[in-house]
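Shown next, in structure tokens, is the structure this report addresses.
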Amino acid sequence: MDVQQFKQEIIAYSKTIGIDKIGFTTAAPFLTLKSRLLRQQELNYQSGFEEPDIEKRTNPALLFHEPASIISIAVAYPSKMTEHVRGKKGERRGLFSKSSWGNDYHVVLKYRLQKLADFITVNYSEARVKSMVDTGELSDRAVAERAGIGWSGKNCSIITPEFGSYVYLGEMITNIPFEPDTPIEDMCGSCNKCVEACPTGALVQGGQINAKACISYLTQTKDSLPEEYRSVIGNRLYGCDTCQMVCPYNKGMDFHFHEELEPDPETAKPLLQPLLSMSNREFKERFGHTAGSWRGKKPIQRNAILALGHFKEASAIPDLKMVIEKDPRPVIRGTAAWTLGKIGGSEALTILRKVLETETDDYVLEEIQRALSIASDAVN
Ligand code: B12
Ligand code: SF4
Ligand code: SF4
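In our numbering, the protein residues as written are 1 to 380.
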């Protein structure tokens, strides 16, 4: 089998199965990444969502017997909704990031990688492959960068000249010695827009993130959100797109190639108040197919309560009253206290004073006290 010829056949086939860009690289260890990951670990800048074993993350030979190459794939996703819904006073809406629009991208990319794997193994009898998307050991971005998919921007994203950074990434390790592609030139130059626009300063410098300060990470945590971040997350329910939206290379990039990735506006931008009383089953039915549901209902509800505080939405007081009086989860009750404090006014104050007498959880009591002081400050 002529491997160079086979590579061209794979590239041609990939275009027929909804892969928007494909690149090839060697299976050599990722040495620069390794020192980078060690440094991030030292600084406590990791999210905790990534594979913890740095050796496995940077050495494909620990994941696959005698690897010879890695194929990187990119699938473009939309950045704008074709149908619009707008929130207004009394009917506020939250926002799922673009990476959670449509069906879960893990499923969408795995399906394409499986088709690619079938094509390769049918046509190359000794072929062995191992695919991964996001949850695998490898750094999808480091593979994509080395395979010439795009450059690694100061916003940390892989930016493709064709689709901007609105691409999902996945890869396949193989035992076939494909000719590697060449990485593409870094085009950030003197631009620093993403670093300047990041609302929390999580981009500590171009290309370096403190994941623990990134809003995308914060929206996915399950505990009480530290006070300093509560206002800044705005109405985000899951993820953050700011450092991509300001990037000049994303201007006009909005691709609707894949039906599965089309957002349903009522799911991507849901009304906030109904989320507060949603059952597990309802949550699964409405959001279970999206990438943003992977941490379950609790962080989304917590963020919805914070968003109502961000809007100072007085019409939500009855829903918040129900939550603070009845919800069994202290994090949710404590967050509701904060939002009631933000909304302020006599109705919110009365509720806070009343629950102060019945609440037994120390953390929630502390939140209520603090909320009462914010609310009285606001009223005075
Ligand atoms: C953990 C994780 C997160 C964490 C941490 C993000 C981060 N930047 O590290 C949190 C929860 C914050 C997060 C957020 C997001 N994520 Co995320 N995440 C991951 C995950 C699982 C691991 C990333 C990781 O290991 N980071 C550690 C850093 C150090 O390494 P890296 O970014 O992988 O690799 C780069 C750096 O090491 C850098 N580098 C290496 N050496 C050096 C040296 C120098 C000097 C410099 C400057 C840089 C540098 O170059 C590498 C290649 O770009 C990957 C999936 C995967 N398995 O790889 C998805 C992934 C990176 N996420 C993705 C997405 C879409 C997002 C969000 C846009 C989602 C959203 N809308 O909210 C945001 C973007 C935030 C941002 N600005 O990065 C996509 C990125 C697609 C793309 N075009 O780049 C991935 C690849 C998932 C996927 N399969 O598509 N994510
Ligand atoms: S995703 Fe949001 S918070 Fe995270 S680095 Fe980008 S702009 Fe900052
Ligand atoms: S905003 Fe500017 S600096 Fe940031 S990734 Fe885009 S081009 Fe690079």
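Using N, Cα and C, we set each Cβ at its ideal position, and we do this for glycine too.
What are the residues that DSSP puts in a beta bridge with threonine 25? Ile70
- prompt: Are phenylalanine 24 and alanine 147 touching if we call contact CB-CB under 8 Å?
  reply: The answer is yes: Cβ separation under 8 Å.
Does DSSP put tyrosine 384 in a helix, in a strand, or in coil?
Because the chain in this structure spans residues 1 to 380, residue 384 falls outside the shown range and cannot be described.
- Expressed to the nearest angstrom, what Euclidean distance is found between the alpha-carbon atoms of lysine 88 and lysine 312? Roughly 12 Å between the two C-alpha positions.
Could you give the residue range of the alpha helix (DSSP H) that holds valine 129? It is not in any alpha helix (DSSP H) - valine 129 instead sits in the beta strand (DSSP E) that spans 129–132.
ask   = Under the rule that 16 or more other beta-carbon atoms within 10 Å means buried, what is serine 165, buried or exposed?
value = buried
Query raised in the report: Taking the C-alpha atoms as reference points, what is the distance between aspartate 104 and leucine 31?
Result: 31 Å
Discussion item. Can you determine whether any heavy atom of ligand 2 sits closer than 7 Å to the C-beta of cysteine 188, and answer yes or no?
Written reply: no
Problem - Contact the segment 280–287 vs the segment 327–342: 3+ CB pairs below 8 Å - result: no
- Alpha-carbon to alpha-carbon, aspartate 53 and glutamate 9: Taking the CA atoms as reference points, glutamate 9 sits about 35 Å from aspartate 53.
- Message: Counting C-beta neighbours from all protein chains within 10 Å, is the total for valine 122 16 or more, i.e. buried, or is it exposed?
- Response: exposed
Report task. Quickly, what does DSSP pair leucine 95 with across the bridge? List them, please. Result -> DSSP output for leucine 95 lists Arg236 as bridge partner(s).
*asked:* Beta-carbon within less than 6 Å of tryptophan 101's beta-carbon, same chain only, minus the 5 sequence neighbours each way: which residues are those?
replied: Hits under 6 Å: Pro263 and Ala268.
Comparing alpha-carbon positions, which option in Ile70, Glu359 and Asp319 lies nearest glutamate 347?
Here the closest residue by C-alpha is Asp319.
Q) If we count the other Cβ atoms within 10 Å of its Cβ and call it buried at 16 or more, is glutamate 126 buried or exposed? A) exposed
Q) If we call anything under 8 Å between Cβ atoms a contact, is phenylalanine 236 one with threonine 219? A) A small correction: the amino acid at residue 236 is arginine; phenylalanine does not occupy that position in the sequence shown. It is a contact, given that the beta carbons lie within the stated cut-off.
- Item | Burial state of serine 79 (16 or more Cβ within 10 Å) | buried
Quiz item: Would you call the segment 297–307 and the segment 223–243 touching, i.e. three or more CB-CB distances under 8 Å?
Solution: yes
- Item | Cβ contact (3+ pairs, closer than 8 Å) linking the segment 3–19 and the segment 110–117 | yes
Leucine 372 - DSSP class collapsed to helix/strand/coil: helix
Exercise. Is any heavy atom in ligand 3 found nearer than 7 Å to the beta carbon of cysteine 214?
Worked result: no
Practice problem: Out of Phe49, Lys354 and Ala375, state which residue places its alpha-carbon closest to the alpha-carbon of tryptophan 338. | Solution: Ala375
### Message
Does the beta-carbon of threonine 242, which I'm using as the reference point, lie nearer than 7 Å to any heavy atom of ligand 2?
### Response
Yes; taking the cut-off as 7 Å, the Cβ of threonine 242 has a heavy atom of ligand 2 nearer than that.
Review point. Which same chain residues, not among the five before or five after lysine 130, have their C-beta less than 6 Å away from its C-beta?
Key: Phe64 and Ile173
When the Cα atoms are used, what is the spatial distance from serine 97 to alanine 291?
-> Distance between serine 97 and alanine 291, taken at the CA atoms: about 10 Å.
Inset, instruction - Compute every distance between the C-beta of isoleucine 98 and the non-hydrogen atoms of ligand 1, then say whether any falls below 7 Å. - result: The question names isoleucine, but residue 98 is lysine in the sequence shown. Lysine 98: yes, Cβ under 7 Å from ligand 1.
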